[in-house]
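Everything below concerns the one structure shown next.
Protein chains in written order, with my numbering: chain A, 161 to 548; chain B, 426 to 790.
In C-alpha cells, the structure reads:
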C-alpha cells in the first residue's frame with residue numbers, strides 16, 4: 161500500500177516533467193508547463209518576476225497582466241532574499257507590490273528560480289499544501305533550467321540572424337562594388353585600345369610597354385572582379401541539384417585547361433554525385449589548375465581520386481609540386497591571400513573552393529611537404545539538396 | 426422561455442417581446458424544423474442582439490426536447506463576439522476593460538465537435554482571468570457530424586464560438602458523479618481526441634482488460650459504445666474531481682476516439698458510475714450553485730448528452746433532482762438549458778476547463 165501511494169505521488173511528477181523542455185520559446189515553454197500546473201492543481205494564476213539590476217521585472221504572467229517593473233527597496237529585497245527554495249504565504253501588502261494582475265487576497269507559493277527569477281503560483285481560495293510544494297520543487301528546478309535554455313536559444317537566434325544579415329549585406333556590397341568597378345575598367349580597356357591603335361606608331365618602346373602593362377593590369381583586375389562576383393554569389397540562391405558524373409566533369413576540365421607536356425594527370429574512376437555542374441566545375445578546376453600551375457618538377461604528376469565515407473564523398477587531388485608550408489594551411493583559403501607574387505593569381509580561387517565546399521556541407525583540408533607535393537582533400541554531402 | 430412554433434415571424438416577435446432591449450441567448454433543439462439562417466436574418470432585421478447554439482436537445486423546466494427553442498435574456502451585455510477558426514488557433518480574443526467593482530459572467534457556446542477547444546478556453550482565461558465567471562457548452566449534432574451549430578448577428582458557423590460578456594453575478598456548480606475503477610494510467614501518445622497509447626501499450630487492450638473485469642461484459646464488434654458509455658476516462662487533478670473524457674469508439678488500430686482532447690503524458694483513471702452516483706452529483710451541482718446565490722433570476726443547465734444516453738429513461742430523475750433542488754430554495758427561478766457535446770466552466774474558482782459527461786449549473790442574478 162505504501163509503495164502504491166508512493167507511485168501515485170510520483171506519477172503526477174511524470175506529467176509535469178514531460179511538459180518541460182517541449183519548446184525553446186520562453187512564453188510557449190511557460191505556457192506548456194504553468195497552464196498544466198494551474199489546471200491540475202486548480203490554481204488561478206502564475207507569474208515570473210526576474211531581477212534586472214535594482215529592479216524586479218515581470219517576464220511571464222497567466223492570466224496576462226500588466227508588465228510590471230518593481231524597484232528593489234529594502235523591504236522587497238529582504239523578502240525575496242528570504243526565499244531560499246520556496247515559500248508558502250498569504251497575499252499581503254508586500255506581496256501586492258509584486259503582482260502583475262489584479263488580486264487582493266489569496267494564497268501563494270513562491271519558488272526561487274535562481275538566475276531565472278521567482279515563480280509565483282496563486283490560489284484565490286485554497287491554500288497550497290506543503291506536501292504539494294515539496295512535490296513540485298524538483299520539477300520547478302528542471303523548469304528553471306529549461307527557461308535558461310530558452311534564453312540561450314533566443315540569444316543564439318538573435319546572433320545568427322545578425323550574422324546572416326551582415327553576411328547578406330557584405331555579399332550584396334561585394335556584388336555591387338564589383339559591378340561598379342567593371343564599368344570604369346571597361347572604359348580604361350577601350351581607351352588604351354584606342355591609344356594603341358591611334359598612337360601606337362608614335363609611342364617609343366617605353367610608351368608601348370607601359371600601354372601593354374596597363375592593359376595587363378586591367379585584364380588582371382577584371383579577373384579579380386569576376387572572382388569577387390563569383391565568390392559573392394555562391395550560396396546566395398538555392399541551386400538546382402541533379403546527378404553529376406564527376407568522371408565526365410573532370411574530362412571536360414582537362415580538355416579546357418592547358419596541361420604542359422611535362423605534367424601527367426591521372427584520373428581514377430570517380431562517382432556520380434548530387435550537385436550542380438557549374439559549381440562543381442569551379443571547385444575541381446581551381447584545385448586541378450593550381451596543382452598544374454604550381455608544379456615545378458620535370459616530371460610533374462597530378463592524381464584525382466575519391467573514397468566513399470558513408471554520408472559524404474571524399475575527393476583528393478595529389479600533386480608532386482612545390483608543396484606548401486604548414487603555417488599557410490589556413491591562410492590560403494582566405495580571400496585575396498596569395499603565397500607568392502604570381503601576376504596570374506588573383507588570390508581568390510581557393511576562397512571560392514572553400515565556399516563551394518561549405519555550401520555542399522563538406523570540409524576541405526590539405527597535407528603537404530615542401531618540395532615533395534601537396535594533397536588537397538575535400539568532402540561533399542551525398543544528400544546535398546541545394547542548401548548549405 | 427420555451428418557443429415551439431416553427432413560424433419565423435412568431436419566433437422573432439416572441440424573442441423581441443421577451444428580451445425587450447436586452448440581448449437574447451437562444452438554444453435550439455437540433456430537430457426544430459426551422460431554417461436557422463432565415464431566423465438569423467429576421468432577428469437582424471428586428472435589430473435584436475443575440476447569440477446561440479444548436480444542441481442535440483434543449484431543457485425547459487423538467488422537459489427535454491429535441492424540437493424547440495429555449496430563450497434566455499442576456500442582461501447588461503458588455504460585449505458579444507464571435508471567435509472563428511478555433512481548430513486552426515487562428516484568432517484573437519478581444520481586449521476588454523473590466524470595471525473592478527462589477528461582477529461579470531462570460532457565456533460561451535462553442536462547436537463541440539471542433540478541435541483545439543482547450544486552446545480556445547485557455548485563450549479566454551489568459552485574457553480575462555479572474556475578472557469574470559465562465560459558463561457554457563459545446564453545440565452540435567448527436568449524429569456527431571460536424572456542421573454549423575453556433576450563431577450570432579454575424580451568421581451561423583461551425584469551427585467557431587460565440588461569446589457574451591454580461592454584467593451579471595453568476596454562481597456555478599459543477600459535478601459528474603463518476604468514480605475511479607482503476608488507474609492512474611499514462612496516455613503516452615495522443616493526437617487531438619484520439620488516444621493512441623496508454624502506458625506505451627495499445628489503448629484498447631489496456632481499457633478492455635479493466636472494463637471487462639469490472640463490468641463482467643465482453644467487448645465484441647458492435648457493442649463498444651454500449652459498454653464504454655459507462656466507463657469514461659478521468660483526467661487526474663490534485664485534490665479535486667477529475668475531468669471526464671468520453672470514449673466514443675475504437676478504430677481499426679485499437680485507438681480510442683474520445684469527445685474532447687487529451688494531451689500526451691496525461692494521467693487518467695478509468696471511471697464508472699451508476700444511476701445513483703450520477704443523479705446525486707447533479708443534485709450536488711445544483712446545491713453548489715445555490716450556496717452563495719442571493720437572488721437568482723434564471724438557472725441555465727448545461728448537461729452532457731451522454732448522461733441521457735447512459736441514464737436513458739432515468740435521466741428525468743437527474744433533471745428532476747436539479748430542478749427540485751433549485752425550486753425548493755428559489756421557486757420563481759426560470760430553468761432552461763441544453764444537452765451538450767461538452768461542458769464549460771471554471772472548476773470552483775480555478776482554471777477554465779472543458780468537460781465531458783458532466784453537469785454545469787449556472788444561476789444568474
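Ideal placement from N, C-alpha and C gives every residue a C-beta, glycine not left out.
Here the structure is a predicted model, which is why all the values come from computation and not from measurement.
Limits of the unbroken alpha helix (DSSP H) element including residue i
| i | result |
| --- | --- |
| residue 435 of chain A | Premise fails: residue 435 of chain A lies in the beta strand (DSSP E), 432 to 435, not in any alpha helix (DSSP H). |
| residue 283 of chain A | No alpha helix (DSSP H) contains residue 283 of chain A, which is instead part of the beta strand (DSSP E) from 278 to 283. |
| residue 470 of chain B | 461 to 470 |
| residue 602 of chain B | That residue, residue 602 of chain B, is in no alpha helix (DSSP H); it is neither H nor E in DSSP. |
| residue 536 of chain A | Residue 536 of chain A -> not in any alpha helix (DSSP H); beta strand (DSSP E) instead, spanning 533 to 541. |
| residue 180 of chain A | Run containing residue 180 of chain A: none; DSSP gives neither H nor E here. |
| residue 515 of chain A | 509 to 519 |
| residue 750 of chain B | 740 to 754 |
| residue 545 of chain B | 542 to 553 |
| residue 237 of chain A | 234 to 241 |
| residue 442 of chain B | 433 to 444 |
| residue 621 of chain B | Unbroken run through residue 621 of chain B is the beta strand (DSSP E), 619 to 622; no alpha helix (DSSP H). |
| residue 492 of chain A | Neither: residue 492 of chain A is in no alpha helix (DSSP H) and is coded neither H nor E. |
| residue 406 of chain A | 406 to 416 |
Cβ shell of residue i (< 8 Å), same chain only, five flanking positions each side left out
| i | result |
| --- | --- |
| residue 300 of chain A | 246, 271, 273 and 279 |
| residue 624 of chain B | 610, 611, 613 and 631 |
| residue 687 of chain B | 612, 615, 618, 620, 658, 660, 670 and 693 |
| residue 395 of chain A | 515, 518, 519 and 548 |
| residue 222 of chain A | 190, 191, 194, 195, 198, 205, 206 and 207 |
Beta carbon of residue i nearer than 8 Å to that of residue j
| i | j | result |
| --- | --- | --- |
| residue 483 of chain A | residue 530 of chain A | yes |
| residue 508 of chain A | residue 333 of chain A | no |
| residue 205 of chain A | residue 554 of chain B | yes |
| residue 484 of chain B | residue 734 of chain B | no |
| residue 532 of chain B | residue 549 of chain B | no |
| residue 564 of chain B | residue 545 of chain B | no |
| residue 673 of chain B | residue 644 of chain B | no |
| residue 476 of chain B | residue 587 of chain B | yes |
| residue 681 of chain B | residue 605 of chain B | no |
| residue 480 of chain B | residue 765 of chain B | yes |
Residue interval of the beta strand (DSSP E) (run including residue i)
| i | result |
| --- | --- |
| residue 593 of chain B | Looking at the DSSP string, residue 593 of chain B is not in any beta strand (DSSP E), and its letter there is neither H nor E. |
| residue 558 of chain B | 558 to 564 |
| residue 468 of chain A | 460 to 469 |
| residue 683 of chain B | 681 to 684 |
| residue 474 of chain A | 472 to 479 |
| residue 787 of chain B | 784 to 789 |
| residue 760 of chain B | 759 to 765 |
| residue 714 of chain B | Unbroken run through residue 714 of chain B is the alpha helix (DSSP H), 700 to 715; no beta strand (DSSP E). |
| residue 226 of chain A | Here residue 226 of chain A belongs to no beta strand (DSSP E), and DSSP marks it neither H nor E. |
| residue 672 of chain B | 668 to 675 |
Under 7 Å by beta carbon: chain B residues contacting residue i
| i | result |
| --- | --- |
| residue 170 of chain A | Within chain B, no residue comes near residue 170 of chain A; the closest Cβ sits about 11 Å away, beyond 7 Å. |
| residue 201 of chain A | 663 |
| residue 186 of chain A | None at all; the shortest Cβ gap to chain B is about 15 Å. |
Other residues of its chain near residue i: CB distance less than 6 Å, five sequence neighbours each side excluded
| i | result |
| --- | --- |
| residue 759 of chain B | 723 |
| residue 520 of chain A | 540, 541 and 544 |
| residue 420 of chain A | none |
| residue 715 of chain B | 754 |
| residue 444 of chain B | 498 |
| residue 635 of chain B | 607 and 695 |
Contacts of residue i in chain B (Cβ-Cβ under 8 Å)
| i | result |
| --- | --- |
| residue 174 of chain A | 611, 690 and 692 |
| residue 261 of chain A | 554 and 555 |
| residue 178 of chain A | 689 and 690 |
Closer than 7 Å at the beta carbon, the chain A residues around residue i
| i | result |
| --- | --- |
| residue 550 of chain B | 223 |
| residue 547 of chain B | 195 |
| residue 525 of chain B | 262 |
Chain A contact residues for residue i, given Cβ-Cβ distances below 9 Å
| i | result |
| --- | --- |
| residue 775 of chain B | 198, 199, 201, 202, 203, 204, 283, 284, 285 and 286 |
| residue 616 of chain B | Within 9 Å Cβ-Cβ: nothing; residue 616 of chain B doesn't reach chain A, min ~15 Å. |
Partners in chain B for residue i, counting only beta-carbon separations shorter than 9 Å
| i | result |
| --- | --- |
| residue 336 of chain A | Those within 9 Å of residue 336 of chain A in chain B number zero; the least Cβ separation is about 41 Å. |
| residue 292 of chain A | 663 and 664 |
Any non-hydrogen atom of the ligand COA closer than 7 Å to residue i Cβ
| i | result |
| --- | --- |
| residue 591 of chain B | Among the ligands in the structure shown, none appear at all, so the ligand COA cannot be discussed. |
Contact list for residue i against chain A, beta-carbon separation under 8 Å
| i | result |
| --- | --- |
| residue 778 of chain B | 199 |
Residues near residue i in its chain [Cβ-Cβ closer than 7 Å; skip 5 each side]
| i | result |
| --- | --- |
| residue 444 of chain A | 409, 410 and 413 |
Could I get the ranges of all uninterrupted alpha helix (DSSP H) runs contained in the stretch 330 to 400 of chain A, with 4 residues as the minimum, in chain order? 365 to 393
What residue ranges within the stretch 249 to 274 of chain A form continuous alpha helix (DSSP H) runs of no fewer than 4 residues, ordered along the chain? 253 to 256
Considering only residues of the stretch 502 to 545 of chain B, which uninterrupted alpha helix (DSSP H) runs meet the minimum length of 4 residues and lie entirely inside it, listed in chain order? none
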